[in-house]
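Chemist: The sequence shown begins at 1 in the numbering used here and counts up one residue at a time. Mind having a look at this structure? Questions to follow.
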Amino acid sequence: MSTNTTETKTPPWANRIVGHGEAAPQDLLPNPANWRAHPAHQRSALAEVLAEVGLVQSVIVNRSSGHLVDGHLRVELAKASGQPSVPVVYVELDEDEERVILASLDPITAMASADREKLVELLTGIENQDLADLLEAVARANRIELDLGSSGLVDPDEVPEPPA
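The structure is reproduced here in structure tokens:
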């Protein structure tokens with residue numbers, strides 16, 4: 001008896017990236033539908049990382065509309081600090097697709113959970129004190145208390161036994 005099994009294959013994902021380049025920050029258009037607000041502490045934190053390390057991620061521009069889809073704060077900070085250009089990934093999206101990406105890109109990333117040990121390992125040994133303080137705040141936001149100056153992870157649930 002033969003069984004007829006048909007494999008269901010997922011079609012390949014569409015590649016919406018149509019180019020890479022550099023653009024002057026003042027030439028990039030903020031998306032009027034951008035719903036993200038960037039508070040002062042976030043602006044300051046990103047400005048510190050950019051000053052210390054530099055850019056490691058491109059902003060995303062929808063070539064169809066000319067609007068930013070991701071990277072609004074990086075562009076604002078680049079303008080404020082007089083940067084001549086920022087790296088850009090160009091995509092082609094229709095209006096509805098642009099709205100889906102604008103609404104979902106950061107929230108989907110935020111769904112990731114933190115691996116405590118890996119985060120401690122990653123943050124331990126940062127020498128720039130301002131960045132160490134910033135990264136310690138990242139750890140606290142993930143409910144991980146750090147003491148980067150000593151042994152690393154401090155678990156608030158582990159209370160030592162009282163002396164005998």
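Every residue, glycine too, gets a C-beta built ideally from N, C-alpha and C. In this text the structure is predicted, and so the values were computed from the model without any measurement.
State the DSSP-derived secondary structure class of residue 67, mapped to helix, strand or coil.
Modeler: strand
Chemist: Beta-carbon within less than 7 Å of residue 13's beta-carbon, same chain only, minus the 5 sequence neighbours each way: which residues are those?
Modeler: none
Chemist: Quick one, which of 54, 57, 16, 62 has its alpha-carbon nearest residue 32's?
Modeler: 62
Chemist: Can you give, in chain order, each stretch of the beta strand (DSSP E) that sits fully within the region 14-98 and has at least 3 residues?
Modeler: At a cut-off of 3 residues, the continuous stretches assigned as beta strand (DSSP E) that sit fully inside the region 14-98 are 17-23, 59-62, 68-70, 86-91.
Chemist: Tell me the rounded alpha-carbon separation between residue 45 and residue 94.
Modeler: 33 Å
Chemist: Considering only residues of the same chain and omitting the five flanking positions on each side of residue 22, which have a CB-CB separation below 8 Å?
Modeler: 85, 86, 87, 88
Chemist: Is residue 103 helix, strand or coil by DSSP?
Modeler: helix
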